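Take a look at the structure below.
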Amino acid sequence: MTEANNRLYRMIGEQLKEKIKNKEYAIGGKLPPERTICQELGVSRTVVREAIIMLEIEGIVSVRKGSGIHILSDQPKRVEQAPEELDSILSRVSADLKSTGPFELLEARQNYECMIAELAAINATQKDIEELRRIQKNALAEDRSRDSKWDKEFHIALARSSSNPVLAMLEEILWHDRTANPLWQNLHTHIDVNDLNSWHQEHQLILDAIEARDPKRAYNAMWNHIESTKNTLYKASSALE
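Numbers given in the working numbering equal positions in the sequence shown, counted from 1, plus 381.
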């Protein structure tokens, strides 16, 4: 579901565009009601709505409240980009994250990663679960006193298994910049290896909940994991005094 479901609305959007190009749906006319499209294509209303939003952005349809979905064209308009502005925003966000305190970052993570774990318990495919198992297995072979690559891999893979591409992208950005954060780098050198071993065990509890398809248990396991991480960092920071 991770890859397929993330791209499902695009696939449905492309199917609707083909129907318009083939004149099954005429320019100047309307698309069928959402419910009809759902039944014809065998997908949820959420997927259909996202596909229609995509078509509206491309200028192919216009959604008019109370009037339906009007077909304007069979060719997508060129969406203008603002690369310099986007680069500026991304650079600013990256700079801010690199100077954000570890505890501020953990506070944010505790809130949205619990939601990620909850969604993963609902949406993760067998392939997603196998990837999480692989990361857990490989972590046992790594020197956890020196490398926490397995920690990053687990959380990013978990975010991808939520089937929400926005959450997955946010997770990758935060982990990338956390790695470059000098405050985190300094604290990490003072983390006890036993605490890193505990993180691995806590990851397993999260994975167990996901395999059991238990969203509440997955949520709580992630909450407890971040609490444990906070305590580990408090202990590591006291070593600097």
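Positions of the beta carbon are idealized from the N, C-alpha and C atoms, including for glycine.
Since we're looking at a predicted model, the values are computed, not measured.
* Asked: Just the Cα atoms here: how many angstroms apart are residue 581 and residue 613?
  -> 13 Å
* **Opposing strand residues paired with residue 445 [DSSP bridges]** => Answer is 449, bridged to residue 445.
* To do: Excluding the 5 residues preceding and the 5 following residue 424 in the sequence, name in chain order all residues of the same chain whose CB lies nearer than 7 Å to its CB.
  => 389, 393
* Asked: For the 8 Å Cβ check, are there 3 or more pairs between the segment 589 to 601 and the segment 490 to 509?
  -> yes
* Asked: Should residue 541 go down as buried or exposed, given a rule of 16 or more other Cβ atoms within 10 Å for buried?
  -> buried
* Asked: Taking Cβ positions, are residue 591 and residue 510 nearer each other than 8 Å?
  -> Yes, these two residues count as a Cβ contact at 8 Å.
* **Local Cβ density within 10 Å of residue 404, reported as buried at 16 or more and exposed below that** => exposed
* residue 404 - DSSP class collapsed to helix/strand/coil -> Collapsing the DSSP output to three states places residue 404 in coil.
* **Which listed residue (539, 568, 558, 573) has its alpha carbon closest to that of residue 473** => Minimum Cα distance to residue 473 is reached at 558.
* residue 487 beta carbon less than 8 Å from that of residue 631 -> Shown here, the chain extends from 382 to 622; a query on residue 631 therefore has no answer.
* To do: Give a yes or no on whether 8 Å exceeds the smallest Cβ distance from residue 535 to chain B.
  => Considering every chain present, this structure includes no chain B. It has just one protein chain.
* Buried versus exposed call for residue 416 [16 or more other C-beta atoms within 10 Å across all chains shown] -> exposed
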